[in-house]
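The structure appears below as structure tokens.
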Amino acid sequence: MKTGGQLIVDTLKANGVERLFCVPGESYLAVLDALVDSGVGVTVCRQEGGAAMMADSWGRLTGKPGICFVTRGPGATNATAGLHIARQDSIPMILFIGQVQRDAREREAFQEVEYRRAFTEFAKWVAEIDDPARIPEFVNRAFSVAQSGRPGPVVLALPEDVLREVVENPPTSILPNPVPVIRPGEPEMKDLADRLSRSKRPVMILGGTRWTDQAVRQVEHFAARAQVPVGCSFRRQMLFDHTHDCYAGDVGIGINPALAEEIRKSDLVMLIGGRFSEMPSSGYTLLDVPFPAQPLVHVHADADELGRVYRPSLAINADPASFAEALSALDVETTPARAERTRQMHQAYLDWSTPPETGPGDVHMGPIIDWLRDELPDDAILTNGAGNYATWVHRYVRFRKFATQAAPACGSMGYGVPAAVAAKQAFPERLVVAFAGDGCFMMHGQEFATAVQHKLPIIIIVVNNSMYGTIRMHQERDYPGRVSATELTNPDFAALARAYGGHGETVEKTADFAPAFKRARAIGKPAIIEIKLDQQAITPTRTLDQISGTGVKK
Numbered sequence: 072m073k074t075g076g077q078l079i080v081d082t083l084k085a086n087g088v089e090r091l092f093c094v095p096g097e098s099y100l101a102v103l104d105a106l107v108d109s110g111v112g113v114t115v116c117r118q119e120g121g122a123a124m125m126a127d128s129w130g131r132l133t134g135k136p137g138i139c140f141v142t143r144g145p146g147a148t149n150a151t152a153g154l155h156i157a158r159q160d161s162i163p164m165i166l167f168i169g170q171v172q173r174d175a176r177e178r179e180a181f182q183e184v185e186y187r188r189a190f191t192e193f194a195k196w197v198a199e200i201d202d203p204a205r206i207p208e209f210v211n212r213a214f215s216v217a218q219s220g221r222p223g224p225v226v227l228a229l230p231e232d233v234l235r236e237v238v239e240n241p242p243t244s245i246l247p248n249p250v251p252v253i254r255p256g257e258p259e260m261k262d263l264a265d266r267l268s269r270s271k272r273p274v275m276i277l278g279g280t281r282w283t284d285q286a287v288r289q290v291e292h293f294a295a296r297a298q299v300p301v302g303c304s305f306r307r308q309m310l311f312d313h314t315h316d317c318y319a320g321d322v323g324i325g326i327n328p329a330l331a332e333e334i335r336k337s338d339l340v341m342l343i344g345g346r347f348s349e350m351p352s353s354g355y356t357l358l359d360v361p362f363p364a365q366p367l368v369h370v371h372a373d374a375d376e377l378g379r380v381y382r383p384s385l386a387i388n389a390d391p392a393s394f395a396e397a398l399s400a401l402d403v404e405t406t407p408a409r410a411e412r413t414r415q416m417h418q419a420y421l422d423w424s425t426p427p428e429t430g431p432g433d434v435h436m437g438p439i440i441d442w443l444r445d446e447l448p449d450d451a452i453l454t455n456g457a458g459n460y461a462t463w464v465h466r467y468v469r470f471r472k473f474a475t476q477a478a479p480a481c482g483s484m485g486y487g488v489p490a491a492v493a494a495k496q497a498f499p500e501r502l503v504v505a506f507a508g509d510g511c512f513m514m515h516g517q518e519f520a521t522a523v524q525h526k527l528p529i530i531i532i533v534v535n536n537s538m539y540g541t542i543r544m545h546q547e548r549d550y551p552g553r554v555s556a557t558e559l560t561n562p563d564f565a566a567l568a569r570a571y572g573g574h575g576e577t578v579e580k581t582a583d584f585a586p587a588f589k590r591a592r593a594i595g596k597p598a599i600i601e602i603k604l605d606q607q608a609i610t611p612t613r614t615l616d617q618i619s620g621t622g623v624k625k
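Each residue of the sequence shown is one higher than the one before, counting from 72 in the numbering used here.
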């Protein structure tokens, strides 16, 4: 005989779960009890939003569903912060929510929420398990849904009494469902080869999920052989080596104008794996909606995404890994002119991604990023949330390897710190560095305590300009000189790190950064490096005064 809680844990183990993230709650005590002797790692978090973001980061970097457990009501609604990221970013994740007991349902009992109504916009599938004997069926299906087609989060509500109830004849073995592989058809690949051979100005844009290290390398080899310039969709830069001769740059916020122009003038745009939504498409301006001016080949694992926004000239329903395998076998003709264009586009990227050496104030981010680019190992994992500070990472860091980036394409603040915690637990042998603005850090910075508790030596770089910088930038552009609701009074972040039991450093001059980072890396504890950045240094190329045109300084 087994309880529902034990069956939950058994099915997780059958699906290869090594670790889960949670904030404990009385609504799923039976699961917590079953975890004691299970061998499954449990990361105890400080807020459900942070726990869900950790599960997202795990799914983003490993390709396997990140697992999160939270309690009912406020715990569940807190977790929607991470659930929304996983949904928009196509990340496999399963959120388990403790629920009120069955005999109290539909009475608005203590912390009761009807998740099948409330959470449908946040997840691919939302269900409630009302029979403990069906737990393996529901949980196995959750893994299938989370990983199949376009990946995404699944929500399972677990009534408290279902978890305590005993199943007298549980299954003797639980076998996980296979994830269907979606291979491209031979006619579609032949059509693509013909189009590529005729094309003079092709562009390939990589995005989405369901990639593997092997698939990334196959695309790199094909691009070199066929002389096709490659861009990476917003916050998917780890899908192509930035030093590769065919890399053309980041297709996201603040795209290199030269790359944007090449996409507009292309005679064959290939979107591989991604949806090309608002941010990578520059507000749906790079391709016309619904009929692109450029011939479009769209490859996606979910047939519902093909033609949803853009009508493709050629639609290929395939997962990125299977498509990359088929692509590597294509025989495609190229020309010296195409090779020269590819070379020029890569050089334009190198020029665009060379940071400025100076700027307002005593700390200049350009030399800091230059130093980090030389210092960080190729397999270092970089995480961040959202804010103008992230421009320094996305424009100027040159990613080299797969599974080295965890950043929310949906633009959620607060993501960097919890993402770094999960990244370090998934890959303990690798260096993990999180970037956060001061506003961004304070949204889920309490998960630094989780890093300390679990002895995870992550390094967090807090770029502190004492304001919500992105909103202030827009404010100065649209309402110059009229500052409202964007100024911040912050703690001493280095002292905060020490108060939590970690290591803290403060950088007030550019030359202070390198020795501070070396000390943080050597000490072997979670560390925060606070960079005091002048408010005028709002972007790499323009100050607040230049944006507002007023000359007024705060």
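In this text, a Cβ means the ideal position worked out from N, Cα and C, and glycines have one as well. The model shown is predicted, which means the values in this text are computed figures rather than measured ones.
In the three-state reduction of the DSSP assignment, Gly-137 falls in the strand class. Under a 10 Å Cβ-count criterion, Phe-181 is classified as exposed, with fewer than 16 other Cβ atoms of the shown protein chains found around its own Cβ. Comparing alpha carbon positions, the residue from Gly-620, Ala-319, Val-226 closest to Glu-411 is Ala-319. Looking at the DSSP output, Tyr-318 sits in a beta bridge with Val-301.
Going by DSSP, Gly-76 is part of the alpha helix (DSSP H) stretching over 75 to 85. Considering only Ala-400, Val-504, Leu-358, the residue with the shortest C-alpha distance to Ile-440 is Val-504.
Under the Cβ criterion (8 Å, minimum of three pairs), the stretch 227 to 241 counts as touching the stretch 196 to 208. Between the stretch 149 to 164 and the stretch 213 to 225, the count of Cβ pairs shorter than 8 Å is three or higher; the stretches touch. Every alpha helix (DSSP H) of 4 residues or more that sits fully in the stretch 488 to 527 is shown, in chain order, as 509 to 515, 519 to 524. Looking at the DSSP output, Met-538 sits in a beta bridge with Glu-558. Scanning Val-238, Ile-162, Ala-204 for the CA closest to the CA of Ser-219 turns up Ile-162. Taken atom to atom, the span from the alpha-carbon of Gln-172 to that of Pro-145 is near 17 Å. Runs of the alpha helix (DSSP H) lying entirely within the stretch 180 to 216, each at least 4 residues long, are 186 to 189 in chain order. By the CB criterion at 9 Å, Ile-343 and Gly-279 fall inside the cutoff. Taken through DSSP and simplified to helix, strand or coil, Asn-149 comes out as helix. Boundaries for Val-107: no beta strand (DSSP E) harbours it, and the DSSP string shows neither H nor E there. Counting only the Cα atoms, Val-380 lies some 47 Å from Gly-575. His-545 sits exposed, since fewer than 16 C-beta atoms from the chains shown fall within 10 Å of its C-beta. Restricting attention to Leu-103, Ala-286, Gly-76, the CA atom closest to the CA of Lys-472 is found in Ala-286. In this chain, Pro-479 is not harboured by any alpha helix (DSSP H), its DSSP state being neither H nor E. When DSSP reads this structure, Arg-592 sits in no beta bridge, so it has no partner. With 16 or more other Cβ atoms inside 10 Å of its own Cβ, Gln-476 counts as buried. Between Lys-84 and Gly-110, the C-beta spacing is below 9 Å. Nearest neighbour of Ile-531 by Cα position, chosen from Glu-446, Val-492, Gln-524, Phe-140, turns out to be Val-492.
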